[in-house]
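Residue numbers (this note's numbering), protein chains in the order written: chain A, 21 to 512; chain B, 21 to 512.
Heads up, the thing below is written out as structure tokens.
Spelled out as structure tokens, the structure:
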């Protein structure tokens, strides 16, 4: 029986995590890498029990969860490599010029240091990769922060298994168990008390706008405001350029049918609106896409509440003025399943009606039909901040689309060309974070190595004795990392 | 006659700056560098008129303002070099692996792009270096943002002169005048309307906690919250270790007398509290410091309101339980002047009384006497966030002070050894930004090249045609900048 953490338990867990931070913050990159790799090993050692538990709790198929486990352990190991190599701390050194006129220049050395204890909210749609030992936890631990996870109530047992794997790893690395804390909470009070705890230094959250914005507001109202990195949702606009539709509307339709219905449409990067100029090619595209949506079997969603919300939102959008339902899956949806649905609307209506700009979390997409290219620009400029945008086009028309790309750049974190936005690569160059309200802070990413930057801040040391400097900043560069020395990059 | 900007003028100025951004954002590093250098030239071309106007408006001596002008033009030219060189955009490239199993790896390229129109609030205590063409404006223009400055009402004519220099530079560079906007406003409504304007993307402010926090709260309550970089004040603790006081208490006292009274104590990095263990050496230090404070002539402060506030705060702190006034300048303060004052208190009182933790903006410092080293740690742990901390010690005792440095690291942005915190070097490694409430965002700096990072956000391009990528991300690296390619740094 899973119980909500009491306020006493919350306080104790945070206090312990803070105390553990005072030790963990000084751990070297090698030791942190060892821990991250050990966590990955321990997650793998859970074997099929983890996959079957996660599948039972999330209704996601085992094959998908096996892939997601690979993503989870891969991301732990990527952060291990990152901190083992060590250059991520952005070490910067200005050496002294004692005889400078009119005043001597001091020796100043700066690097990133961990913030403290981080609260991570598990996400329902990625029970492994964005939950207990997901990207937020991995990047915070890599940064040198201690972590307290609030398990998502939709998969508490999965979260317990992973938490135990983390504790096993800590024990095997001879590190204090309190570096990682794990709490449950169905009540919003648990989250609230975590975010308001004075020793918490930052918050990572993936979920709804409602939830993320509430945490953001709470954090800003603290006596000492703290950053909240909330990834909250997106309709991920797709621009369909005319020549592409003329030459390959069928293959594009197939590609997007897959992306819209992948994982029952339960991805933050699901393409939610597809924007094109009305003509026969677009109609052909809609026809092929409709056929594929009709043929897609409804899938069971993460939990009943999400399926219920999906059905409500799907119906609300479909009932808006001017909206035409182009296709629904021919197999009826059972209880807890989401019915794949495609609708269309003219841009003039879309521009007028804010409801049509809202995310429908599930296998739903809306085609926005424009009278001409200029209307596409208008639609883009009407959009709120988004995680991604996609442009589908032939090479020639892409090259004529600089204005369009410039306009998209202002609202999104990532622009995809001739691909689908789902499938967020975990790598050095990923930007998974868009302009508000897609996320609370467009300056950071929650996927890829850049995610570590959310949990650190710079500190400068002026005229320090070399022995007292962190090794990253010592004169001999003992860690052999890349550093900016008097403005020049080098391993010096 | 200087008039407050009306809400219509505010809206027009922001609208124009936003429109100018749509052009300016695409300017190359070389063109931006040319503009920044031209602004520096035009400021110098103002000659002594600028210095005499600033001196008349701020009561700061001409010699100080001449130095500050050098800092202002130097920082414009440093940002020019930074953007001309170009590597600051943190270009990161992950190349595609089309045959990767189970899924191909896409090509992903990320870099920093400018946010949009930035509102800069001029600071009263640096009429040149933190005002109209100060570090905030220089870094925002360098980032590719357009800027609207609200002039500080204490030096409107100085601000007008510098604004005209910027417009002259824009004209000479054949760039739209609207890249830079300049407004006046004594009323808080002007600032409020600027921060709430939907097209404003970030705010930079240097001033009081009251003012900065109000802007921060406003910005967070917007429909689309925006970052506020407010640098709000600090008491900049100084730890005096026993051996240093034993060996050189007189020279340390002389050094700190200078730092406390520099510019009438009107620096955000003025040392406000000096913490030491009570013994004969500390008493000797206090005696020497007192003598120097007594001998310091009161200086005219920036404006009468600041002098009035200083006198109130100085008296309030001096009247607190257990506080002993050690010294006051022997020359009485005229109207508008601040009376240099040194006080002392025991740590037990300091720990109990939050009033003693408040910044007194002016030539005031408080000695905190501890019974033993452990009490120093307690005092440090009781402190709110600070811009800087300073440790004065002999080498041996410094090396035994790791715990102390670790504790200080948690509350400050910069730690100085055997120096004074005043004098913030403009360089690559400076961190001028501390934990709240010293600033609203400890992750950023307002001095040094890092200041440019406040006005940018990353965007990723996936599977883009090379010709459509910004030159920073093109395959041939046409700008020859440092880039992270598949996780490895290089000029490739």
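Beta carbons are placed, not taken as given, at the ideal position from N, Cα and C, and that holds for glycine.
{"Check": "Expected contact under 8 angstroms - CB spacing of residue 513/A and residue 475/A to nearest Å", "Outcome": "Residue 513/A is absent from the structure shown; chain A starts at 21 and stops at 512."}
{"Check": "Contacts of residue 240/B in chain A (Cβ-Cβ under 9 angstroms)", "Outcome": "236, 237, 240, 241 and 245"}
{"Check": "Bounding residues of the alpha helix (DSSP H) (the contiguous stretch that carries residue 238/A)", "Outcome": "229–241"}
{"Check": "Within 7 angstroms of chain B by C-beta, residues of the segment 252–282 of chain A in sequence order", "Outcome": "none"}
{"Check": "Contact the segment 483–491 of chain A vs the segment 496–508 of chain B: 3+ CB pairs below 8 angstroms", "Outcome": "no"}
{"Check": "First through last residue of the alpha helix (DSSP H) which encompasses residue 105/B", "Outcome": "82–105"}
{"Check": "Opposing strand residues paired with residue 114/B [DSSP bridges]", "Outcome": "128/B"}
{"Check": "Backbone secondary structure at residue 348/B - three-state DSSP", "Outcome": "strand"}
{"Check": "Backbone secondary structure at residue 306/A - three-state DSSP", "Outcome": "helix"}
{"Check": "For residue 151/B, three-class secondary structure by DSSP", "Outcome": "coil"}
{"Check": "Classification of residue 450/A by the beta-carbon crowding that lies within 10 angstroms, buried from 16 upward", "Outcome": "buried"}
{"Check": "Proximity test, Cβ basis, 8 angstroms: residue 114/B and chain A", "Outcome": "yes"}
{"Check": "Under the three-state DSSP convention, the category residue 482/A falls into", "Outcome": "strand"}
{"Check": "Spatial distance of residue 41/A from residue 423/B (CA atoms)", "Outcome": "14 angstroms"}
{"Check": "Beta carbon proximity, residue 15/B to chain A, threshold 8 angstroms", "Outcome": "Any property of residue 15/B remains undetermined from this structure, which presents chain B solely from 21 to 512."}
{"Check": "At least 3 beta-carbon pairs within less than 8 angstroms: the segment 215–224 of chain B vs the segment 175–195 of chain B", "Outcome": "no"}
{"Check": "Where the beta strand (DSSP E) containing residue 407/B begins and where it ends", "Outcome": "406–412"}
{"Check": "For residue 361/A: DSSP bridge partner residues", "Outcome": "348/A and 384/A"}
{"Check": "Residue 314/A versus 323/A, 262/A, 383/A and 248/A, residue with shortest Cα-Cα distance", "Outcome": "383/A"}
{"Check": "Length of the line joining the Cα atoms of residue 129/B and residue 114/B", "Outcome": "6 angstroms"}
{"Check": "For residue 44/A, three-class secondary structure by DSSP", "Outcome": "helix"}
{"Check": "Endpoints, beta strand (DSSP E) assigned at residue 166/A", "Outcome": "166–170"}
{"Check": "Interface partners of residue 437/B on chain A, CB under 9 angstroms", "Outcome": "481, 482, 483, 484, 485 and 488"}
{"Check": "Contained beta strand (DSSP E) runs [length at least 3] in the segment 464–511 of chain B, N- to C-terminal order", "Outcome": "476–482, 503–505 and 508–510"}
{"Check": "Inter-residue Cα distance where the pair is residue 400/B and residue 380/B", "Outcome": "18 angstroms"}
{"Check": "Short CB-CB distance (under 8 angstroms) between residue 50/B and chain A", "Outcome": "no"}
{"Check": "Exposed unless 16 or more other CB atoms sit within 10 angstroms - verdict on residue 335/A", "Outcome": "exposed"}
{"Check": "Alpha-carbon spacing of residue 121/A relative to residue 87/B, whole angstroms", "Outcome": "12 angstroms"}
{"Check": "Contacting residues, own chain, Cβ-Cβ under 8 angstroms from residue 440/B (five flanking each side not counted)", "Outcome": "275, 276, 278, 279, 291 and 410"}
{"Check": "Exposure of residue 416/A, with buried meaning 16 or more beta-carbon neighbours within 10 Å", "Outcome": "exposed"}
{"Check": "C-alpha distance - residue 261/A paired with residue 494/B, whole-angstrom precision", "Outcome": "23 angstroms"}
{"Check": "Neighbour-count burial assignment, residue 390/A, 16 or more Cβ in a 10 Å radius", "Outcome": "buried"}
{"Check": "Rounded C-alpha distance that separates residue 160/B from residue 266/A", "Outcome": "44 angstroms"}
{"Check": "Residue interval of the beta strand (DSSP E) (run including residue 222/A)", "Outcome": "220–226"}
{"Check": "Segment contact flag, the segment 99–109 of chain A with the segment 218–230 of chain A, C-beta cutoff 8 angstroms, min 3 pairs", "Outcome": "no"}
{"Check": "For residue 278/A, the first and last residue of its enclosing beta strand (DSSP E)", "Outcome": "Where residue 278/A is concerned, there is no enclosing beta strand (DSSP E), although the alpha helix (DSSP H) it sits in stretches over 262–281."}
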